[in-house]
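>
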Ligand SMILES: Nc1ncnc2c1ncn2[C@@H]1O[C@H](COP(=O)(O)OP(=O)(O)OP(=O)(O)O)[C@@H](O)[C@H]1O
Ligand SMILES: [Mg+2]
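Numbering (our numbering), first residue to last: 157 to 388.
#1: Considering only heavy atoms of ligand 2 and the C-beta of each residue, which residues fall inside 7 angstroms, strictly closer?
#2: Would you grab the beta carbon distance between residue 292 and residue 337 for me? Rounded to a whole angstrom, and I think it's under 8 angstroms.
#3: On the three-state DSSP scale, how would you describe residue 373?
#4: Terminal residues of the continuous beta strand (DSSP E) containing residue 236?
#5: Buried or exposed for residue 285, please, with buried defined as at least 16 other CB atoms from any protein chain shown within 10 angstroms of its CB.
#6: Just to confirm before moving on: does the CB-CB distance between residue 329 and residue 348 stay below 9 angstroms?
#7: Using a threshold of 8 angstroms, is the CB atom of residue 337 nearer than that to any non-hydrogen atom of ligand 1?
#8: Among 384, 246, 274 and 218, which one has its Cα closest to the Cα of residue 233?
#9: Flag residue 274 as yes when its Cβ comes closer than 8 angstroms to any non-hydrogen atom of ligand 1, and as no otherwise.
#10: Exposed or buried, what is residue 257 when buried is set at 16 or more other beta-carbons lying within 10 Å of its beta-carbon?
#11: With distances taken from CA atoms, which of 183, 368 and 340 is nearest residue 212?
#12: Would you mind sorting residue 161 into buried or exposed? The rule is 16 or more other CB atoms within 10 Å of its CB.
#13: Thinking C-beta only, is residue 289 closer than 9 angstroms to residue 333?
Have a look at this one:
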């Protein structure tokens with residue numbers, strides 16, 4: 157019965173809520189095309205921004221719910237790995253430049269162009285981490301490094317994870333560094349738990365539900381990888 161209720165709930169979230177949100181988004185976009193006073197324009201812009209945020213929140217809650225009961229499956233296919241990073245940069249750079257953060261990417265020369273995996277979920281995960289770096293950094297920089305993990309240089313890795321590449325598989329290593337507030341050492345073990353936010357950077361004003369690190373960890377685990385935080 158509980159499973160049935162959960163599936164019904166998810167179906168409603170997915171279909172009904174999405175349909176309603178689409179109507180709100182489409183109509184407020186249309187309204188913005190009309191003649192409005194500055195006050196009205198600002199209000200409709202807020203309606204549009206909030207509806208977009210609500211839509212991504214619904215997506216996140218659905219993803220997490222399906223990840224938690226194991227019903228989310230990766231969609232594996234060939235994709236351009238370099239393009240994933242280009243798309244991440246294109247999406248995040250405008251936000252970084254509003255905040256006057258320098259944003260750079262460092263792709264190793266031996267990073268394969270084509271790869272097989274779940275492009276959408278890989279990109280979503282990288283976006284979550286890079287998005288946090290930009291969100292919790294007031295000034296300075298955000299740096300993304302992408303390389304192929306080399307099992308020989310195991311000192312780079314946490315002791316509990318030893319990637320070993322075999323027949324055509326490789327471990328993609330993505331390192332995101334920022335000059336922001338960091339995370340208190342005592343908070344690190346908890347921030348991958350849903351709805352948990354660190355005391356150092358988050359407050360009501362940064363917004364967010366505290367879901368995306370939880371989602372990211374589950375995606376990385378599904379892909380056979382490992383994700384961790386270092387803060388100083
Ligand atoms: N780069 C970072 N610098 C400082 N704190 C961070 C960083 N990344 C994550 N955190 C901390 O970890 C918490 C959890 O991150 P998570 O992405 O799950 O949630 P969120 O960003 O608050 O909300 P959302 O679900 O919208 O992403 C954040 O609230 C923040 O306290
Ligand atoms: Mg986040």
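From the three backbone atoms N, C-alpha and C, an ideal C-beta is built for every residue, glycine too.
This is what the structure gives:
#1: 284, 287, 288, 291, 364, 368 and 369
#2: Start at 1 with the first residue of the chain shown, and residue 292 comes out as number 136. Start at 1 with the first residue of the chain shown, and residue 337 comes out as number 181. 6 angstroms between Cβ atoms; contact.
#3: Reading the chain shown from its first residue, position 217 is the one you call residue 373. In this structure, residue 373 counts as helix in the three-state DSSP scheme.
#4: Stepping through the chain shown from its first residue, residue 236 is reached at position 80. That run of the beta strand (DSSP E) goes 233-236.
#5: For this step, residue 285 is matched to residue 129 along the chain shown. Classification for residue 285: buried.
#6: One-based indexing of the chain shown puts residue 329 at position 173. One-based indexing of the chain shown puts residue 348 at position 192. The answer is no: Cβ separation not under 9 angstroms.
#7: Stepping through the chain shown from its first residue, residue 337 is reached at position 181. Result yes, Cβ under 8 angstroms from ligand 1.
#8: On the chain shown, position 77 is the one that residue 233 refers to. Checking every option, the nearest Cα to that of residue 233 belongs to 274.
#9: Numbered from its first residue, the chain shown carries residue 274 at position 118. False, no ligand heavy atom lies under 8 angstroms from that Cβ.
#10: To locate residue 257, count along the chain shown from 1; it is residue 101. It is buried - the Cβ of residue 257 has at least 16 other Cβ atoms within 10 Å.
#11: To locate residue 212, count along the chain shown from 1; it is residue 56. Out of 183, 368 and 340, 368 has the C-alpha closest to the C-alpha of residue 212.
#12: Your numbering for residue 161 matches position 5 in the chain shown. By the neighbour-count rule (16 or more Cβ atoms within 10 Å), residue 161 is not buried but exposed.
#13: As a position in the chain shown, residue 333 is number 177, starting the count at 1. As a position in the chain shown, residue 289 is number 133, starting the count at 1. For residue 333 and residue 289, yes; Cβs fall inside 9 angstroms.
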